[in-house]
Structure formats: C-alpha cells, structure tokens
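First comes the structure, then the notes that go with it.
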Amino acid sequence: MKRCFRIVGLLTAFSALLCMLVAGDADAARKAAAKQKNLILATTTSTQDTGLLDVLIPIFEKKTGYFVKTIAVGSGQAMTMGSKGEADVLLVHSQAAEKKFMADGNGVNRRLVMHNDFIVVGPPTDPAALRGTKKAAEGLRKIAAAQALFISRGDNSGTHAKEKEIWKAAGIQPEGQKWYQQTGLGMGQTLGVTAEKKGYTLADRGTYLAMKKNLGLDILLEGDAVLLNIYHVIEVNHAKWPKVNAPGAKAFADFMVSQEVQKIIKTFGVAKFGSPLFFPDAGKKVEDLGK
Amino acid sequence: MNGGTILEGKDLKVRRGGRLLLDVPSLSVAEGEVLSIIGPNGAGKTTLLQALSGLLRLGEGMISFRGKRVGADISPLEYRRHLAMVFQEALLFDATVYANVAAGLRLRKVDKREIKKIVAARLEQFGINHLRDRAAKTLSGGEAQRTSLARAFAVKPQILFLDEPFAALDPPTRESLLEDLGRVLREGGTTAVMATHDQGEALRLSHRIAVMQEGRVVQIGTPAAVMNHPVNEFVAAFVGVETILAGRVVKYERGTATIAVTDGNGGTAGVTVDTTVGEGAAPLKAEQVWPPPVPQEERSGGQKDEVPSFRTGAGERKNDDSKAPAFIAAAGEVREGEKVFCCLRPEHVTITPGPCPARSSARNTFPMVIDRIVPAGPLYRVQARGAFTVTAYITVQSLEELALREGATVTASFKATAVHLLRRG
Amino acid sequence: MEVIIAGIRQALSMLVSFDPEVMAITWLSLKVSGTATLISLFIGIGIGTAVALSSFPGRQLVVSLINTGMALPPVVVGLFVTIFLWRNGPFGYLEILYTPTAIIIAQAIIATPIVMGITLAAMQQLPRKLRLQILALGATRLQMVWLLIKEAKLSLMAAVMAGFGGVISEVGASIMVGGNIKGYTRVLTTATVMETSKGNFDLAIALGVILMLFAFAINLVLTRIQQRERPQ
Numbered sequence: 001m002k003r004c005f006r007i008v009g010l011l012t013a014f015s016a017l018l019c020m021l022v023a024g025d026a027d028a029a030r031k032a033a034a035k036q037k038n039l040i041l042a043t044t045t046s047t048q049d050t051g052l053l054d055v056l057i058p059i060f061e062k063k064t065g066y067f068v069k070t071i072a073v074g075s076g077q078a079m080t081m082g083s084k085g086e087a088d089v090l091l092v093h094s095q096a097a098e099k100k101f102m103a104d105g106n107g108v109n110r111r112l113v114m115h116n117d118f119i120v121v122g123p124p125t126d127p128a129a130l131r132g133t134k135k136a137a138e139g140l141r142k143i144a145a146a147q148a149l150f151i152s153r154g155d156n157s158g159t160h161a162k163e164k165e166i167w168k169a170a171g172i173q174p175e176g177q178k179w180y181q182q183t184g185l186g187m188g189q190t191l192g193v194t195a196e197k198k199g200y201t202l203a204d205r206g207t208y209l210a211m212k213k214n215l216g217l218d219i220l221l222e223g224d225a226v227l228l229n230i231y232h233v234i235e236v237n238h239a240k241w242p243k244v245n246a247p248g249a250k251a252f253a254d255f256m257v258s259q260e261v262q263k264i265i266k267t268f269g270v271a272k273f274g275s276p277l278f279f280p281d282a283g284k285k286v287e288d289l290g291k
Numbered sequence: 001m002n003g004g005t006i007l008e009g010k011d012l013k014v015r016r017g018g019r020l021l022l023d024v025p026s027l028s029v030a031e032g033e034v035l036s037i038i039g040p041n042g043a044g045k046t047t048l049l050q051a052l053s054g055l056l057r058l059g060e061g062m063i064s065f066r067g068k069r070v071g072a073d074i075s076p077l078e079y080r081r082h083l084a085m086v087f088q089e090a091l092l093f094d095a096t097v098y099a100n101v102a103a104g105l106r107l108r109k110v111d112k113r114e115i116k117k118i119v120a121a122r123l124e125q126f127g128i129n130h131l132r133d134r135a136a137k138t139l140s141g142g143e144a145q146r147t148s149l150a151r152a153f154a155v156k157p158q159i160l161f162l163d164e165p166f167a168a169l170d171p172p173t174r175e176s177l178l179e180d181l182g183r184v185l186r187e188g189g190t191t192a193v194m195a196t197h198d199q200g201e202a203l204r205l206s207h208r209i210a211v212m213q214e215g216r217v218v219q220i221g222t223p224a225a226v227m228n229h230p231v232n233e234f235v236a237a238f239v240g241v242e243t244i245l246a247g248r249v250v251k252y253e254r255g256t257a258t259i260a261v262t263d264g265n266g267g268t269a270g271v272t273v274d275t276t277v278g279e280g281a282a283p284l285k286a287e288q289v290w291p292p293p294v295p296q297e298e299r300s301g302g303q304k305d306e307v308p309s310f311r312t313g314a315g316e317r318k319n320d321d322s323k324a325p326a327f328i329a330a331a332g333e334v335r336e337g338e339k340v341f342c343c344l345r346p347e348h349v350t351i352t353p354g355p356c357p358a359r360s361s362a363r364n365t366f367p368m369v370i371d372r373i374v375p376a377g378p379l380y381r382v383q384a385r386g387a388f389t390v391t392a393y394i395t396v397q398s399l400e401e402l403a404l405r406e407g408a409t410v411t412a413s414f415k416a417t418a419v420h421l422l423r424r425g
Numbered sequence: 001m002e003v004i005i006a007g008i009r010q011a012l013s014m015l016v017s018f019d020p021e022v023m024a025i026t027w028l029s030l031k032v033s034g035t036a037t038l039i040s041l042f043i044g045i046g047i048g049t050a051v052a053l054s055s056f057p058g059r060q061l062v063v064s065l066i067n068t069g070m071a072l073p074p075v076v077v078g079l080f081v082t083i084f085l086w087r088n089g090p091f092g093y094l095e096i097l098y099t100p101t102a103i104i105i106a107q108a109i110i111a112t113p114i115v116m117g118i119t120l121a122a123m124q125q126l127p128r129k130l131r132l133q134i135l136a137l138g139a140t141r142l143q144m145v146w147l148l149i150k151e152a153k154l155s156l157m158a159a160v161m162a163g164f165g166g167v168i169s170e171v172g173a174s175i176m177v178g179g180n181i182k183g184y185t186r187v188l189t190t191a192t193v194m195e196t197s198k199g200n201f202d203l204a205i206a207l208g209v210i211l212m213l214f215a216f217a218i219n220l221v222l223t224r225i226q227q228r229e230r231p232q
C-alpha cells in the first residue's frame, strides 16, 4: 500500500521534471536554438543605469544579428565572470583590476572606448570646506580631518575602486572610522543615502546628473585627472576559455570603437541633462586624456 | 439465512511489534447472517473486521469470498467492490449528502441517471431525504451516520462490515438507527459482520455472536447460547452474567449437582445444580453453535433442606439456619469434587420480601439482606447478601409494591436450571 | 509620503495607458512565476502526498528536510542554480543561464518545498480511517489518492497560493540566474530593484504596486476556486 504511493509520487516528480526541461519561454527556445548568436556582455550597473546601453545594444543587435545578454553587476563581479569564461566581452572601468585581468591572460584586445569623470558631492553647507579644492586626495584628507560623514559604495565597483585609490593616495585608512559608512549598494541608491544623511560621496557624473534634481547635493570637487573614469572594452580570451563567443566579442568591441558609435556616445545625454554623460576616446591613449 | 458460506477466514494472524494482535484460526460467515463481534476495547474486534474485509494486509492466513481466495483467485480490489464498510465516525466527504451517498457508485462509474435513482431510494430508506442537498459538515452525529449507512448500502454490498457504528451516538439516536439498520438488513437479507462493545446491539441484530478476548475468538454461537452458556469467566462477565460464585461440586446425582459455594465472607452455602438440561453439548469448548437453551423445570430430587457438609473457608461464620443451602439447576457435566463457577444472570433471580417461605418451587432459596439498590435504566439492580452475594433485577413497580429498601430482609431465589456451570482452575 | 502617492499615480497611469514595456515585464513575470508554480504544484503535491500517506524508515528525516526546504533562502538557490547552469558548470551545455527558463527553474526550486511542506501537513491532517473508508467504497489505490486530495483541497489551494506568492515576489535568485536583461529576463521584481538602485523611487513603487495588483487579482481567482463548492 505504501509503496504504491511512493511510486505515484515519484512518477509525478519525473513527469514534472520532464515538463520543466520541455517548458520554458518560447523565446528562450528560439534564442537558445541560435546558440552561436548569443553574446554575454558583462558590464557595470552605472553603465547600465545611464541608459547608454539601452540605446547602443539594439543598434548592435540589429546590425549583427547577435542577441546580447547584458549582465550589469559591479566591475569586480564582471571581471570575475570574465576570468571564469562566463562572459564573452567586458565593458568596465576599473584600471588597476583590468590590468591584472590582462596580466592573468584572461582578456585580449583591451581597447579604450570612452570616459567620464567622478565628482565629489556633498551637502550645500559643506562642513568639511571642500569647495574650491583642486586635488581629490586633498579633498578627502579634509573630509577625514573634519570627520564629516562619507558614504562609500563598498561593493568593489569601479567607483569603489577609484575611491579606494584616492584614499590610498591621501594616505588615509577610512575603514572602521565612525564617519565612514559603506552601503554595498548601486550608485543611484548610494547617492540617495548620501542625500538623506547629508554626507559626502564619490559619484560618477552621469548618475549624479540623472538624479540631480531630487538630491539636493552640490558638486564640491571636480576636474582632478585622477577622477577620470575610463571605460575599456575587453574581449575574453578565447584561447583560455574555448566556450567564449570570440567572433561575437570581437564584433561588439569593434562596434564600440566604431566611428558611428563614438558619435552617438558624444551626444548622449545632452538633450536630457544639458551636458553629455560620456566623452568618446576610441583610438586615443590613456595618458592623453584630460578635461 | 440462505445457508452457504459467503466468507471464510483461515489462520488469520496479525502481529505488531512482536505481539499477536489477532489470532483466529478459523471463522466463517454464512450468507445472509448477521454476525456480531463483541469484546472489550483492545480485544481485536477492529483488527478482525479489517482482516476479514481485506483492508488489512495479513501477516499470515487468508480469506476467501464465495470460495475464491482473495489475493489469488480474486483480486483485493474486486473483493472490495463486493463489500461496504461503516465506521464509528461517519467519515463523510466535504460535499453534499447526495454526493456522499453517490460516492461509491461514482467510483464504479455507474451511469448518472442510475445513480440518481439509487441514491433517492437509499435516502428514502434511511429517512434522510430532506437532507439531500445539505453539506455533510453540517450534519448531526445521527444524520451523518445515516448518510454513511445510505452510502454503504447504495453499492448493494454482498457483505456489510460495521465497526462500532453507533458507539458515538446518544442512546435515543442509537435506538432509532439500530431499528432502521435492523429493518434494512432484514429486508435485503444482507450479510453483515458488526463489531460492537454493546451487548444490547449484538443481541438485537445478530444471528450469531463471537466473543473476542486478546485477539482470539473465545466463543461463537447464537446470542442465547453465548448469553446463557458463556464458556468462561471472561465471557460470562462480559455478557452480563452478574453473579459468579466459586464453589465445589459436593454431590452429583441424576443430573443434579450440588455445589458448595464459598462467598467472600468465608461462609459457605450449598448450591444445587441440575446438569441434565440441554442436548449434552459441553459448554466448555469454544466456537460451537449452541442450541437455544430452554429453561427446564428442575428435575425431581427433592433434595431441599439437605444440609451438606462443607468445608468452611477461612471465615468465622458458621452455617446456621439462615444460611441453609438451596437447590439450583444448571447445564453441565461435572464430577464430584470438581471446582466450578456458578453463573447466574440477574434476570433469573427473584427477590421477595420477608424471610424464607417454607415451600417454594425454586430449588435455591436463600435468606438475604439487601445491600444496595442501584438504578439501571428502566430497572433496578439489587445486590443482596447472605451466604453469598447475588445480583438481581427488579422492576420499579415491584420495588415500590414490595417496599424494598437497603437493609431489608428478603429471600433470593432462582431456579436450578438458571445456574450455568463453568469449570474453574 | 509623496513618493508613495506619486508612485501609485504613476502605476495607474502606466496601466491605463498600457505602457508597452511595463506590460511586457508584467506578462513575463506572470508567465515565469506561473510556470514555476505549476511545476511546483505537480512535484510538491505529488511528493508531499506520497510522503504523507506512506511510512518508511527515515521518514521523519525526510519530513524535516521538506520542512527545512520551506526556509531555503532564495538567494542561495539562485547561487546554486547559477553555478550549475553557467558555462563551465555541469549543465552549461544547455546554455540556459540568463534566460527565462533559468528563472523558472530557480523559482520552481524555491516554490516546491513550500508546496510540499504544506501538502504534507494537509494530507496528514485527514482522518486516518478515511483512507480505509474510501477503499471500502470500492476505490482503486489511485482513486483513493485522488479523493484524499479532493478532501484536502482547501489546504492544497493554500499551498499553491503560498508557492505562487513566494516566487512572484522573489528577486534575489531571479536577478542572479536571469541577469535582468531588458526585454528578455526583466521581470517586475528585478526591474523594481534596478529602478531603486538608480534612485527612481517613484517608478520603483509603481512597479511594486502593479505587482501587488496582479498578485491580488490572481489570488482572488484562486481563492474563489478554493472557497467554491462549499455548500452553505
């Protein structure tokens, strides 16, 4: 009697598992059929949040027939994905980590695409008297000295990496200090927290501009060369990870540095925010960049 | 009763945790008969029922339905389709009464219109027509059990099993349902096997009664046989023999035995038992069908007033006139010196006020004092003490007319033929 | 507060105007979570009933496992599914990571223990003798299981609703295995998280409101079915 029930239960389970493998979105079936046409692009949340990719990806897809799966995570996670061969092409902005990535043989054809910059924003009252400071390191030193509240993303993103770089240059260890708080959140949310707590934070200009009117934070420090946020496109090394879609990756990278796209990048955001969010740099050398 | 055996069980054994819950070497049910299985809680009635209905997988043993072995010649499912079962709880589905009664038919994929007719007939038969569209959850205990019965009868079972079906109902409801069930069983000539711990139910409905004790059937026979000739103390006590006296045969002559009875007080009294009644069937074997005993007039013997010589017990009380022995008749084969129990049903004891009359037709007449009078439904149970303790039933009227009360001096008398002997020890 | 009101207003306007992107996201949410719930229904009720009605050595352990499964953190499920499905994982060749199918799988894994656990409790609550009664009415074993399930219908529907509720609102695993790809694996919950992290709180609230509205509508239907056929 009891054995009968177990058979019934197991049969049910197996038939359901079969269902599962057969089921799934109709689109998924269609797209999975075109396996070669799938391309996994790992990029950062801030890149996605600006909406630039929402414009570029459809153009690329239409042109090449590839189906791009844009996975937006932090730069750190994006590069980890690349280093495991779980992504085909990366669009990231974390120089030191990228260099290590290349040194480890995980990527090929690292090419400059564009840049924007970071700014330090804070409350209009500016308790740390940041306004007018030219150098980022000095600015952060002032914040530490004043023990003014500083909100960090703390999530290994490109922004976070840049922030850590500047603290190091300033010779300060902010972790563990009372005035230093880490959210582990995306840029937009972190700006929200910063505005709420009337603190300081390091943000990319694009996200700040997009949220500016709701925040009530002012730009208190900008223009330092070290604040440049430089984007590279990296194809994941097919030789090391055979499952990588190499032709797709190359196509995407070529696309990003193509003249047509560079032109689009140049004018992106002007209509909405009054100033462009990115500056196209394909073909240039990193050292030549500056505002 | 149509005769032939419809169900037979052999070597029915069920073990659990090393214990033998059921151990019945042989049991058969005749077609058309109503067999009641009685016994105390834990005796194995439910287990036996479930074994017979094929719902319980037997450790050992087998059952055959109309000669076909269940499991070999006929599948358990097929056998199940020929029977129905009603439990103590109605176990109705969360649906209307109609849906419940139709359930068994739906399982057999009977045509819808056919179902409608059958259900209507059954609802009518059990008097629950007005409940047709009610939710089962809203029914009272009696209404639910009627529904359960209607549901069982709807499938026209060849054997109906009932497991203490009325145990959870209040007396008037039980009464009414018993009557209806009895009627339906008789009308249809349905074979039924019913487990109950209420002897009254068993008596009313059954052609045969089986008494169970600790997993075994210790006696099986007609109600009269079991009630009046219980095969051992346990059965006797269970079927309502309220006076059981230990004693020893001191004399046996021409079918009449004289028993010296030891009561708790240490005194003794002589009790005469007539052993010539009955067709000579020995009451001490289990599983026999008894002929209905006809209380016979006591044999001649005229051994009244004989004072037997007894060995008194450890008590101090000695024989005196007020404890003069009396003569009783009972069925049995005994030898002098044998240790026996005298079993006496309360209905057979007569209480009359006042001291012993000089003459009486009853062989056994004893002076007593009323110890207790306890109401028992429509009767009173009177416990009287003299040389031994005896329990009698007396009607309310008699109690009032005779002005009996506790402490009164009375005479207890019973016929020799009313005493039933059991071997002891 | 104004953010919430602004959010509600935006939700209504998006619904009324049949905003295409929102409609697409909503439809995908329902499809994915619906499919996952359906799968969990079959497996959950199937195994839950089997375990409830049978006895075998180690049964208590199995029951504890099932009950623990109800507390399985969705994010952990997402992580495990990702590891199994990514390219270098055992099922990488199927190439279903970052597809709606992956989300369905992850959500089914999350919902199944919930449905299983509640089914287990529901079936065990049925009177023990009811099984015998049904068999005695002439039912086959299969018919008996079906009738028992019908008797427990109320609780089983609750199980389904619990399973559905668990996955329609799930976000951690859905983001991880789906990738939140616009127009492809973006569902209401993952879109809400994204808009929140971008700082678009009113849009995030709007999406949340729409999610609740649809969840309510579906549960309304399920509840009607659950409460139907109860003759008063």
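Residue numbers (our numbering), protein chains in the order written: chain W, 1 to 291; chain F, 1 to 425; chain B, 1 to 232.
We put the CB at the ideal spot given by N, CA and C, even for glycine.
This one's a predicted model, so the numbers in the text were calculated from it and none came from an experiment.
Per DSSP, the continuous alpha helix (DSSP H) segment holding Pro58 (chain W) begins and ends at Leu52 to Thr64. DSSP, read as helix, strand or coil, puts Asp19 (chain B) in coil. Secondary structure note for Leu56 (chain F): it is in no beta strand (DSSP E), with a DSSP letter that is neither H nor E. Judged by DSSP secondary structure, Asn100 (chain F) falls within the alpha helix (DSSP H) whose first and last residues are Val97 to Leu107.
Residue environment analysis places Ile234 (chain W) among the buried positions, since at least 16 neighbouring C-beta atoms fall within 10 angstroms of its C-beta. Val29 (chain F) and Leu56 (chain F) do not touch by the CB rule: their CB atoms are close to 17 Å apart, not below 8 Å. In this model, Ile166 (chain W) and Phe255 (chain W) are separated by some 32 Å (Cα to Cα). For Gly138 (chain B), there are no C-beta contacts with chain W under 8 Å, since the nearest C-beta of that chain is about 16 Å from it. Across the set F:Leu149, F:Val211, F:Ala246 and F:Leu169, the C-alpha of F:Leu149 shows the shortest separation from the C-alpha of Gly182 (chain F). When CB distances to chain B are screened at a threshold of 8 Å, the residues of the stretch 73–101 of chain F falling below it are Leu77, Arg80, Arg81, Leu83, Ala84, Met85, Phe87, Glu89, Leu91, Phe93, Asp94, Ala95 and Thr96, in chain order. Contact check between the stretch 18–34 of chain F and the stretch 187–203 of chain F: three or more CB pairs, one atom from each, fall below 8 Å, which counts as touching. DSSP places Ser152 (chain W) in the strand class (E or B) of the three-state scheme. Here Arg110 (chain W) has Met102, His232 and Ile234 as same chain residues with Cβ atoms under 6 Å from its own Cβ, once five neighbours each way along the sequence are excluded. Remark: C-beta atoms of Ser33 (chain B) and Ile168 (chain B) approach each other more closely than 7 Å. Neighbours of Ser53 (chain F) in chain B, taken as residues at a C-beta separation under 8 Å, are given in chain order as Ala136.
For the pair Asp204 (chain W) and Asn245 (chain W), the CB atoms are not nearer than the 7 Å cut-off.
If you check the CB distance, Asn100 (chain F) and Arg132 (chain F) do not come in under 7 Å.
For Leu132 (chain B), at least one C-beta of chain F is nearer than 7 Å to its own C-beta.
Within the same chain, Ile168 come within 6 Å of Ala215 (chain B) by CB-CB distance, once the 5 residues on both sides are set aside. Along the length of the stretch 38–110 of chain B, whole alpha helix (DSSP H) runs at least 4 residues long occupy 59–69 and 74–85, reported in chain order. In this structure the stretch 77–85 of chain B does not lie against the stretch 121–137 of chain B, because fewer than three pairs of beta carbons, one per stretch, are closer than 8 Å. Look at Glu163 (chain W): its C-beta is not under 7 Å from any C-beta on chain B. Runs of the beta strand (DSSP E) spanning 3 or more residues and lying entirely within the stretch 174–221 of chain B do not occur at all. About 16 Å separates the beta carbon of Ser83 (chain W) from that of Gly158 (chain W), a gap too long to meet the 8 Å contact definition. Using a CB distance cut-off of 7 Å, Ile5 (chain B) does not count as an interface residue toward chain W. Spatial neighbours of Met227 (chain F) in its own chain (CB-CB distance under 6 Å, excluding positions within 5 residues in sequence) are listed in chain order as Val239.
Contacts between Gly179 (chain B) and chain W, judged by CB atoms closer than 7 Å, involve Lys69 and Ile71 in chain order.
Considering only F:Arg106, F:Ile128, F:Ala72 and F:Val211, the residue with the shortest C-alpha distance to Gly44 (chain F) is F:Val211. DSSP, reduced to helix, strand and coil, places Asn229 (chain W) within a strand of the structure shown. Inclusion of Ala106 (chain B) and Val81 (chain B) in the CB contact set at 7 Å is warranted, their separation being smaller than that value.
CA-to-CA, the gap between Asp281 (chain W) and Ala249 (chain W) works out to about 19 Å. In the structure shown, Met194 (chain F) adopts extended strand secondary structure according to DSSP, grouped into three states. Rounded to whole angstroms, the Cβ separation of Pro223 (chain F) and Thr190 (chain F) is 19 Å, and the two are not in contact under 8 Å. Per the DSSP secondary-structure output, Val121 (chain W) pairs in a beta bridge with W:Thr201 and W:Ile219. Close to Ser197 (chain B), with beta-carbon spacing below 7 Å, are these residues of chain W in chain order: Thr45, Leu185, Gly186, Gly188 and Gln189. Taken in chain order, the unbroken stretches of alpha helix (DSSP H) that lie wholly in the stretch 98–177 of chain F and span 4 residues or more are 112–125 and 141–154.
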